[in-house]
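*Asks:* When the letters of the sequence shown are read in order and numbered with the numbering used here, they come out as residues 70 to 184. Glycine included, C-beta positions come from ideal geometry on N, C-alpha and C.
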Amino acid sequence: MSPYNVIIAPDSFKESMSAKEAALATKDGFQEVFDSSTIYDIIPMADGGEGTTEVLKEALNATSYCVEVKDPLNRNIMASYARSDEHQTAIIEMAAASGLALLSKDERDPSITTS
């Protein structure tokens with residue numbers, strides 16, 4: 070029997086694991102079921118929110134940079150973006166500056182936060 074070809078292409082699981090971590094965990098599970106001849110393609114995905122920079126950075130062979138920005142409560146924080154000179158592309162993820170992960174559950178009040 071020919072080997073199975075399996076594409077594993079998840080998005081991140083908000084506040085729990087990145088798309089790459091999810092893909093690798095899925096692969097680990099599959100390897101317990103399928104024989105060693107199975108071929109896996111790991112393709113982390115993103116929908117434009119949390120994890121987008123990391124997924125595109127890897128796909129475009131981009132470099133990460135850190136800059137100081139304001140978080141949803143106007144506090145100074147460091148956020149990263151990526152840039153691919155080869156593709157003349159910058160990757161900016163809004164969640165890095167204003168995402169839910171930056172706030173405790175008590176701070177998640179839309180009447181006092183901003184993006």
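Between the stretch 158 to 166 and the stretch 119 to 126, do at least 3 Cβ pairs fall closer than 8 angstroms?
*Replies:* yes
*Asks:* Answer yes or no: do Pro72 and Thr107 have a C-beta to C-beta separation smaller than 8 angstroms?
*Replies:* Indexing the sequence shown from 1 puts residue 72 at position 3. Indexing the sequence shown from 1 puts residue 107 at position 38. Yes, they are a contact pair.
*Asks:* Is the distance from the Cβ of Ala151 to the Cβ of Thr132 below 8 angstroms?
*Replies:* Looking up residue 151 in the sequence shown gives position 82. Looking up residue 132 in the sequence shown gives position 63. In contact: Ala151 and Thr132 (Cβ atoms closer than 8 angstroms).
*Asks:* Report back the beta-carbon spacing between Val138 and Tyr109 to the nearest angstrom; my notes put them in contact at under 8 angstroms.
*Replies:* Within the sequence shown, numbered from 1, the residue matching residue 138 stands at position 69. Within the sequence shown, numbered from 1, the residue matching residue 109 stands at position 40. With a Cβ gap of about 37 angstroms, Val138 and Tyr109 do not count as contacting.
*Asks:* Under 8 angstroms between the Cβ atoms of Leu169 and Ser153?
*Replies:* Locating residue 169 in the sequence shown gives position 100, counting from the first residue. Locating residue 153 in the sequence shown gives position 84, counting from the first residue. It is not a contact, given that the beta carbons lie outside the stated cut-off.
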